[in-house]
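Student: For the sequence shown, position 244 matches number 261 in our numbering, and the numbering has no gaps at all. Note that CB positions come from ideal geometry on N, CA and C, so glycine has one too.
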Amino acid sequence: YRTYDVCEVHPGPNLNMIVGANGTGKSSIVCAICLGLAGKPSFIGRADKVGLFVKQGCLKGVVEIELSKRPDNIIITREIQVVNNTSTWFINRKPATLKTVEEQIAALNIQVDNLCQFLPQEKVGEFARLSKIELLEATEKSIGPPEMYQFHCELKNFREKERELECIFLQNLCRDKANSLEKMRQRVERYRQDVERYHERKRHLDLIEMLERKKPWVEYESVRQQHEEVKQSRDRAKEELKNLKEMQSPVTKKIQETEEYFKSLDMKIRDKAAEIKNSSHKCKQKQDALEMKDKQIEEIHQALRMKKDEEMDRQRKIHNTHKMIEDWKNELNTMAVCENLQPQIDAMNNELKKLQEERANLDSDVSDLTAEKMNQEREEKRIIDRLGQLNNIMNMKEETLKGRFRDTHSALMWLRKNKDKFKKKVCEPMMLEISMKDNRHAKYVENHVSTNDMKAFVFESQEDMETFLVEMRDHQKLRVNAVCAPAKSCAENLPSRPIEELHRYGFFSYLRELFDAPHPVMSYLCSQYRVHDVPVGTEKTRNMIERV
18 YRTYDVCEVH PGPNLNMIVG ANGTGKSSIV CAICLGLAGK PSFIGRADKV GLFVKQGCLK
78 GVVEIELSKR PDNIIITREI QVVNNTSTWF INRKPATLKT VEEQIAALNI QVDNLCQFLP
138 QEKVGEFARL SKIELLEATE KSIGPPEMYQ FHCELKNFRE KERELECIFL QNLCRDKANS
198 LEKMRQRVER YRQDVERYHE RKRHLDLIEM LERKKPWVEY ESVRQQHEEV KQSRDRAKEE
258 LKNLKEMQSP VTKKIQETEE YFKSLDMKIR DKAAEIKNSS HKCKQKQDAL EMKDKQIEEI
318 HQALRMKKDE EMDRQRKIHN THKMIEDWKN ELNTMAVCEN LQPQIDAMNN ELKKLQEERA
378 NLDSDVSDLT AEKMNQEREE KRIIDRLGQL NNIMNMKEET LKGRFRDTHS ALMWLRKNKD
438 KFKKKVCEPM MLEISMKDNR HAKYVENHVS TNDMKAFVFE SQEDMETFLV EMRDHQKLRV
498 NAVCAPAKSC AENLPSRPIE ELHRYGFFSY LRELFDAPHP VMSYLCSQYR VHDVPVGTEK
558 TRNMIERV
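This is the structure in structure tokens:
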């Protein structure tokens with residue numbers, strides 16, 4: 018009990034022996050048997066409180082004993098509480114009283130208080146001091162039927178009555194003297210055994226004292242030998258370490274060179290990623306501009322069609338006018354009397370001149386519109402080519418994400434196919450959403466924002482984020498990060514002081530002004546990292562850092 022956390026013993030049908038060195042827990046099993054069979058702590062002779070049998074540091078102990086009985090076995094359980102030294106009893110896992118337990122044990126003729134049936138180590142001396150009569154009574158209780166001891170007691174009572182009736186005073190006195198003598202002899206025998214045990218204890222104590230004196234010298238010799246062995250082992254290890262260092266020197270140098278090469282590659286990758294993001298942003302701007310140009314081209318086409326219709330009307334008018342002039346000329350040639358038609362002819366010529374000038378203006382407008390259309394088409398083709406290049410760059414950027422954070426890339430692919438499952442906007446990982454205005458400034462953002470947040474998805478709704486994390490972590494077993502933008506937007510937060518006040522220290526901008534990002538991402542960065550209030554300095558700032 019005081020030795021084990023958990024111990025289960027299965028006795029066999031024949032003689033069972035538990036063998037082990039001192040302190041290994043043999044007596045713990047004996048104590049558990051006694052306490053589990055409704056025995057009192059005094060039967061064991063080790064402690065007077067049942068709580069002292071529980072292992073130190075534990076609040077309670079449990080003893081469970083299964084007894085053979087027909088038709089069904091009995092399982093007796095005792096829970097011991099250390100705090101108040103109380104016990105709770107169970108029979109076949111059902112609560113029971115101590116009296117019920119004692120009746121069940123007595124029905125099986127189990128007597129833990131009988132030294133002939135249950136003999137703890139501490140009770141051996143008491144057992145040796147039992148008289149023959151006491152041994153006989155204990156034996157009768159242990160191996161005989163319950164009626165045997167009762168009959169014996171009745172027989173003794175009858176014998177005492179017989180003695181009182183038939184014995185005279187002298188006989189009684191003689192018998193009393195004989196009994197007293199026998200008791201004295203038994204007492205002397207017990208005292209003799211005690212004396213022998215005392216002398217034996219004295220010899221053991223003398224032997225222990227001698228061994229205690231020898232113990233330091235033995236320990237010193239053992240430690241000295243261990244020291245010599247360790248010293249030799251240390252010398253061998255030093256020699257092996259020296260040889261290994263000589264052997265590994267080229268490999269170590271190569272590893273260092275490889276690490277430096279990897280660092281340079283990592284820097285290039287970050288620069289390329291920043292360029293990709295910047296190009297992507299510019300591509301988006303160009304695409305928006307292209308859409309605007311498409312609208313303008315459509316408006317120009319509409320205006321061109323209207324101008325063409327007007328031109329056709331004018332052409333018809335000019336044709337009709339020429340026809341009228343020809344008719345009038347023919348009429349003049351055939352007229353018998355010459356009339357003065359010069360004013361009418363001049364008026365018609367002026368009108369014809371105006372129509373020709375108007376036609377020339379329309380031709381010029383059409384030529385300008387055609388040239389502008391061609392320029393727009395060339396610009397559109399250039400933007401489409403640029404979009405193709407940016408798409409290739411974005412693919413490279415996604416490949417980089419896939420190589421560094423495979424789970425995040427898998428979650429990104431799933432999100433793009435299932436955006437309809439979310440109520441509000443969901444932003445892709447920040448490293449894809451952030452677009453630097455100048456790639457040289459990318460290191461400031463990377464140093465200020467943690468890697469875990471750079472690969473995190475940004476949600477506007479807490480409910481959407483929880484749905485996403487349950488899908489990713491519980492269903493697809495992916496390790497991804499997700500954050501929720503503040504309910505109240507922080508993207509437009511103002512810095513604590515104008516940047517102009519910090520120019521004298523070499524600061525040229527706040528971190529927020531160096532990049533573009535979707536509104537939820539910018540709001541989160543302003544709330545979590547206060548990028549709107551983090552000034553970015555130059556070499557001048559570094560030189561005067563103590564003053565800053």
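Any idea which residues DSSP pairs residue 111 with across the strands?
Tutor: DSSP, once it has assigned bridges, lists 108 as partnering residue 111.
Student: Just list the alpha helix (DSSP H) runs in the region 112-197, keeping only unbroken ones of 4 residues or longer that don't cross its boundaries, in chain order.
Tutor: Correct list: 115-124, 141-145, 149-160, 163-183.
Student: By the DSSP assignment, the beta strand (DSSP E) with residue 78 in it spans what residues?
Tutor: Residue 78 -> beta strand (DSSP E) spans 77-84.
Student: Beta carbon of residue 52, beta carbon of residue 95: below 8 Å?
Tutor: Yes, these two residues count as a Cβ contact at 8 Å.
Student: With DSSP as the reference, identify every bridge partner of residue 95, one or two as the case may be.
Tutor: For residue 95, which the question treats as bridged, DSSP gives the partners 80, 106.
Student: Can the beta-carbon of residue 449 be found closer than 8 Å to that of residue 414?
Tutor: Cβ atoms of residue 449 and residue 414: closer than 8 Å.
Student: By a C-beta neighbour count over all protein chains shown, 10 Å radius and 16 as the cutoff for buried, is residue 539 buried or exposed?
Tutor: Under this definition residue 539 is a buried residue.
Student: Hey, residue 522 and residue 549: beta-carbon distance below 8 Å or not?
Tutor: No, these two residues do not count as a Cβ contact at 8 Å.
Student: For residue 380, is the classification buried or exposed, using 16 other Cβ atoms within 10 angstroms of its Cβ as the cut-off for buried?
Tutor: Looking at its Cβ environment, which holds fewer than 16 other Cβ atoms inside 10 Å, residue 380 is exposed.
Student: Skipping 5 residues on each side, what residues in its chain have a beta carbon closer than 7 Å to that of residue 552?
Tutor: Cβ neighbours of residue 552 beyond the five flanking positions: 516, 519, 524, 527.
Student: Near residue 98, which residues of its chain fall below 8 Å by C-beta distance, leaving aside the five closest residues on each side in sequence?
Tutor: Around residue 98: 68, 76, 77, 104, 105.
Student: May I have the straight-line CA-CA distance separating residue 235 from residue 112, to the nearest angstrom?
Tutor: The straight-line gap from Cα to Cα measures roughly 57 Å.
Student: Look up residue 422 in the DSSP assignment and say whether it is helix, strand or coil.
Tutor: In the structure shown, residue 422 sits in coil (DSSP, three-state: anything other than H, G, I, E or B).
Student: Identify every residue that forms a DSSP beta bridge with residue 500.
Tutor: In the DSSP output, where bridge partners are listed per residue, residue 500 has 475.
Student: Excluding the 5 residues preceding and the 5 following residue 561 in the sequence, name in chain order all residues of the same chain whose CB lies nearer than 8 Å to its CB.
Tutor: Around residue 561: 522, 523.
Student: Determine, using beta carbons only, whether residue 118 and residue 55 come nearer to each other than 8 Å.
Tutor: Yes, these two residues count as a Cβ contact at 8 Å.
Student: My output table needs one value for residue 552: the three-state DSSP class, helix, strand or coil.
Tutor: Correct three-state label for residue 552: strand.
Student: Check whether the region 492-508 and the region 455-474 touch, using three or more Cβ-Cβ pairs below 8 Å as the test.
Tutor: Contact between the region 492-508 and the region 455-474 is present, because at least three Cβ pairs lie under 8 Å.
Student: Is it buried or exposed for residue 535, if we count other Cβ within 10 angstroms and need 16 for buried?
Tutor: Buried, since its Cβ has 16 or more Cβ neighbours within 10 Å.
Student: Between the beta-carbon of residue 137 and the beta-carbon of residue 62, is there less than 8 Å?
Tutor: The answer is yes: Cβ separation under 8 Å.
Student: Locate the alpha helix (DSSP H) running through residue 51, then write down its first and last residues.
Tutor: From DSSP, the alpha helix (DSSP H) with residue 51 extends over 43-53.
Student: Check this for me: beta carbons of residue 409 and residue 295, under 8 Å apart or not?
Tutor: No; because the gap between Cβ atoms is not below 8 Å, this pair is not in contact.
Student: In three-state DSSP terms, what is residue 355?
Tutor: Note that residue 355 scores 46 on pLDDT, short of 50, meaning its location in the model is unreliable and no value can be drawn from it.
Student: What residue range is occupied by the uninterrupted alpha helix (DSSP H) comprising residue 544?
Tutor: First-last of the alpha helix (DSSP H) with residue 544: 536-546.
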